[in-house]
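In our numbering, the protein residues as written are 1 to 381.
We put the beta carbon where it would ideally sit given N, CA and C, even for glycine.
Keep in mind the model is a prediction, meaning the values are calculated, not measured.
Below is one structure; the comments refer to it alone.
Here you go:
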């Protein structure tokens, strides 16, 4: 793929990543760069080009990671596309090459008249940052259709709902642990993605035996929130990482997404705020902490649903009985907890939890997903 001929403006610096002890630059290729590399990728990955139409690719991503020693350490190339013979069936490919241990630098030869990439000079530069605007969810009669969102690690995700089942998911992820960073995407069709009481939990395993546990709750026909756990051996070694995510309903068979238009976020008029509704999520979290501090396990347990999920560090409790047992273990040893920095996002509450006694510690990235006035997913991390 490094042998392809790229336009002068094919890549731009989009961020940094840690590789070992080095801080490296990440460059994102535009669609022209993606298309230039596609024939070589198709050949090396043994893609069936009779079945795959490059013009129908709906998501195209091409990233390269170059470190201070001028070596290429990582190449990531991924896309989604329908089949020619089955246009209603989507497939996904992720091509992730990680390089290390080479004596000679791997270089990308630029044309003589190429314009230097932003940030490619020896002098440090700052990449411009875009401010994301959350679009208002549309009005949908049910959950069926395409959903898109972002995780707490600023990684995009997409999934498809058909007949109250999740049939496809594409999960981008970013993991930072022990001075090492790794990211990628995993997309696959799903056979057992049933949605029950507007909740789902799906366990997926990629070809490297890395397990993705994708769980969530639909707070309405237009919005959803949940957690993503990644567990297994990655480029950074043994990994057990958690992230929260939120998503909105983008299109459905009866309500297709508009083409070539951009919807602006509606301006909220004075007096339209609903502080009572916004306070509900934080109030439930505070009620849970109050019950635990009083040693009242029953009052704490009643705040969860029958099929809720409770993750505390790396321990996971599922269902009413397991969660009650976990709550009982937390109140033993005179443990006391306090909540701060609570932020209610409508169905998702993020907060910082501090503990003393037998459960002393600080968990700054905690969250609670709510459904029908109950805690559906509680993550303490």
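Burial state of residue 334 (16 or more Cβ within 10 Å): That one is exposed.
Please report the Cβ distance between residue 80 and residue 59, rounded to the nearest whole angstrom; I am assuming they are in contact, meaning their Cβ atoms lie under 8 Å. Cβ atoms of residue 80 and residue 59 come within 8 Å of each other, at about 4 Å.
When burial is assigned at 16 or more other CB atoms within 10 Å of the CB, is residue 22 buried or exposed? It is exposed - the Cβ of residue 22 has fewer than 16 other Cβ atoms within 10 Å.
Which listed residue (336, 185, 78 and 365) has its alpha carbon closest to that of residue 295: The option with the nearest alpha carbon to residue 295 is 336.
Could you name the residues that DSSP lists as bridge partners for residue 209? Under DSSP, residue 209 shares a beta bridge with no residue.
Tell me the residue span of the beta strand (DSSP E) that contains residue 57. Premise fails: residue 57 is in no beta strand (DSSP E) and is neither H nor E.
Apart from the five residues just before and just after residue 376, which ones in its own chain have a Cβ nearer than 7 Å to its Cβ? The residues are 199, 217, 305, 308, 369 and 370.
Three-state class that DSSP yields for residue 260 in the structure shown: Per-residue confidence for residue 260 stands at a pLDDT of 42, beneath the threshold of 50, marking its modelled position as unreliable; the derived number appears in the next sentence. Residue state, collapsed to three classes: coil.
Residue 321 versus residue 192 - alpha carbon distance: So the alpha carbons of these two residues sit roughly 24 Å apart.
If you draw a straight line from the C-alpha of residue 353 to the C-alpha of residue 177, how long is it? Between residue 353 and residue 177, the alpha-carbon positions lie close to 21 Å from each other.
Quick one: what does DSSP say residue 8 is sitting in, helix, strand or coil? Collapsing the DSSP output to three states places residue 8 in coil.
Enumerated in chain order, which unbroken segments of the alpha helix (DSSP H) with a length of 4 residues or greater are wholly contained in the region 142-199? With a minimum length of 4 residues, no continuous alpha helix (DSSP H) run stays inside the region 142-199.
Could you pull the start and end residues of the alpha helix (DSSP H) that residue 322 belongs to? Judged by DSSP secondary structure, residue 322 falls within the alpha helix (DSSP H) whose first and last residues are 320-331.
Status (buried if at least 16 other CB within 10 Å, exposed otherwise) for residue 233: Exposed: under 16 other Cβ atoms inside 10 Å.
Measure the C-alpha to C-alpha separation of residue 5 and residue 341 and round it to an integer number of angstroms. Between residue 5 and residue 341, the C-alpha separation is close to 50 Å.
Looking at residue 145 and residue 252, is the spacing between their C-beta atoms short of 8 Å? The answer is yes: Cβ separation under 8 Å.
Would residue 153 pass as a contact of residue 246 if the rule is Cβ separation under 8 Å? In terms of Cβ geometry, residue 153 and residue 246 do not form a close pair [threshold 8 Å].
Whole-angstrom distance between residue 140 and residue 248, CA atom to CA atom: Each residue's alpha carbon lies about 11 Å from the other.
Distance check for residue 67 and residue 104, CA to CA, integer angstroms please. Per-residue confidence for residue 104 stands at a pLDDT of 41, beneath the threshold of 50, marking its modelled position as unreliable; the derived number appears in the next sentence. Residue 104 and residue 67: Cα-Cα distance of roughly 14 Å.
Buried or exposed: where does residue 359 fall if 16 or more other Cβ atoms within 10 Å of its Cβ makes it buried? Residue 359 comes out buried.
Return the Cβ separation of residue 239 and residue 231 in integer angstroms, given the expectation that the two are a contact with Cβ distance under 8 Å. The pair is a contact, with the Cβ atoms about 7 Å apart (cut-off 8 Å).
CA nearest to the CA of residue 384, picked from 76, 16 and 19: Because the chain is modelled from 1 through 381, residue 384 falls outside the range shown and cannot be assessed.
Going by C-alpha to C-alpha distance, which of 343, 209, 319 and 312 sits closest to residue 286? If we check each option's Cα against that of residue 286, 343 comes out closest.
For residue 226 and residue 378, what's the separation of their Cα atoms in angstroms? Residue 378 has its alpha-carbon roughly 9 Å from the corresponding atom of residue 226.
What separation, rounded to the nearest whole angstrom, lies between the Cα atoms of residue 356 and residue 242? Each residue's alpha carbon lies about 23 Å from the other.
Here's the rule: buried if 16 or more other CB atoms are within 10 angstroms of the residue's CB, otherwise exposed. What is residue 327? Buried, by the Cβ-count rule.
Check the DSSP bridge columns for residue 374 and list the partner residues they point to. Its beta-bridge partners are 371.
How close, in whole Å, do the beta carbons of residue 303 and residue 331 come, if the pair is a contact with beta carbons under 8 Å? 14 Å between Cβ atoms; not a contact.
Assuming contact is defined by CB atoms lying nearer than 8 Å, are residue 183 and residue 173 in contact in what I supplied? A contact, by the Cβ cut-off of 8 Å.
C-beta contact flag for residue 380 and residue 311 at 8 Å: Their beta carbons are under 8 Å apart, which means residue 380 touches residue 311 by this criterion.
In this structure, what does DSSP give as the bridge partners for residue 343? DSSP lists 350 as partners of residue 343.
Check residue 218 in the structure and name its three-state DSSP category. DSSP places residue 218 in strand when its eight states are reduced to three.
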